[in-house]
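What follows is a single structure, written as structure tokens, with notes after it.
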Amino acid sequence: MSLALVARDAAGVRSHDYPLVVGGRGAGLFCEDVRLPVNAILHDGDALPLIERAVDDATLAACAEAAGVLRWIYRDTVHYARERMQFGVPISSFQVLQHRMADMLMHLEKPSAVTQPTIGMPGEPELVRRLAVSSAKVTVRQACRFIGQNAEQIHGSMDMTDELAIGQFFKRATVLEGLFGPVDRHLRRVDRQAA
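Per the numbering used here, residue 38 is the first one in the sequence shown, and the count goes up by one each step.
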């Protein structure tokens, strides 16, 4: 696999820009019969390890962002439960919701616990780092699912609207959990590397 630097306005390169649901912009790039000068080739035939490393770094960045987003979701959910009244009392006084929010807190601590040390291991062997990145991705995905679904239930699905800030955080968590490969791919990677 090779890596080349291609100008966006080069002949044969087309892009389709579009807005993202969670804000920001995305683009689809299409290359057809693109001709490049020799000096545009950055790595000829040996780029795969560099690309894998860049994807791992981006995966860790997404995991770190997800940890922050989940903190917002949890904090807003606890605040909502304290403010929302039912039968004349805050819903946070209901034992079943207290247990649910305690479980959410347990899941909240996991992403930071696995992501932070992985960010701090640039000198470790590549195999060790790959395993740590995939483990972080799997943990973050599980936390996004658990915290997001429970927040949605506690909010009575109000978090799915754009009226509350938590709606944007929920959408962002959903996007982050799917970035850089499905969880099955990371589980296979850990299984393959650990064997």
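For each residue, glycine too, the CB sits at the ideal point set by N, CA and C.
In terms of alpha-carbon separation, which member of the options lies closest to residue i?
i: Gly-82; options: Asp-228, Ser-39 and Arg-225; result: Ser-39
i: Ala-202; options: Thr-176, Leu-107, His-223 and Met-143; result: Leu-107
i: Met-143; options: Thr-155, Ala-104, Asn-76 and Phe-131; result: Ala-104
i: Leu-57; options: Tyr-117, Val-227, Leu-213 and Leu-224; result: Leu-213
i: Ala-47; options: Thr-176, His-116, Ala-77 and Glu-89; result: Ala-77
i: Glu-89; options: Thr-114, Glu-163 and Gly-204; result: Glu-163
i: Lys-174; options: Arg-229, His-223 and Asp-113; result: His-223
i: Leu-216; options: Met-122, Gln-123 and Ala-95; result: Ala-95
i: Arg-119; options: Pro-86, Asp-140, Leu-66 and His-192; result: His-192
i: Val-75; options: Ala-101, Thr-176, Ala-41 and Leu-66; result: Ala-41
i: Ile-156; options: Glu-102, Gly-65 and Gly-60; result: Glu-102
i: Arg-182; options: Val-71, Phe-207 and Phe-131; result: Phe-207
Drop a sphere of 10 angstroms on the beta-carbon of residue i, count the other beta-carbons inside from all chains shown, and report buried for 16 or more, exposed for fewer.
i: Arg-62; result: exposed
i: Leu-145; result: buried
i: His-53; result: exposed
i: Asp-113; result: buried
i: Met-158; result: exposed
i: Gly-126; result: In the sequence on display, residue 126 carries Val and not Gly. The residue is exposed, with fewer than 16 neighbouring Cβ atoms inside 10 Å.
Give the straight-line distance between the Cα atoms of residue i and residue j, rounded to the nearest whole angstrom.
i: Ala-98; j: Gly-185; result: 19 Å
i: Gln-135; j: Cys-68; result: 54 Å
i: Ser-171; j: Val-220; result: 8 Å
i: Arg-1; j: Glu-161; result: Nothing about residue 1 can be reported from this structure: the residues present for the chain run from 38 to 232 only.
i: His-116; j: His-80; result: 51 Å
i: Ala-169; j: Gln-123; result: 44 Å
i: Val-165; j: Arg-226; result: 12 Å
i: Asp-228; j: Val-133; result: 37 Å
i: Tyr-55; j: Thr-211; result: 19 Å
i: Ala-139; j: Ala-84; result: 45 Å
i: Arg-45; j: Gln-190; result: 44 Å
i: Val-151; j: Cys-100; result: 9 Å
Below 8 Å on the Cβ atoms is my contact criterion, and I expect residue i with residue j to pass it. Report the Cβ-Cβ distance as a whole number of Å.
i: Ala-244; j: Ile-128; result: Given a span of 38 to 232 for the chain in the structure shown, any question on residue 244 remains unanswerable.
i: Val-43; j: Leu-73; result: 6 Å
i: Arg-167; j: Asp-93; result: 7 Å
i: Ala-234; j: Pro-154; result: Given that the chain is displayed from residue 38 to residue 232, the structure contains no residue 234 and the question cannot be resolved.
i: Val-246; j: Gln-205; result: Because the chain here runs from 38 to 232, residue 246 falls outside it and cannot be looked at.
Under a three-way DSSP split, which group does residue i fall into?
i: Ala-210; result: helix
i: Val-151; result: helix
i: Gly-204; result: helix
i: His-53; result: strand
i: Ala-91; result: helix
i: Gly-41; result: The displayed chain sequence assigns Ala, not Gly, to residue 41. In this structure, Ala-41 counts as strand in the three-state DSSP scheme.
i: Gly-105; result: helix
i: Val-59; result: coil
i: Pro-86; result: helix
i: Phe-183; result: helix
i: His-136; result: helix
i: Ala-64; result: strand
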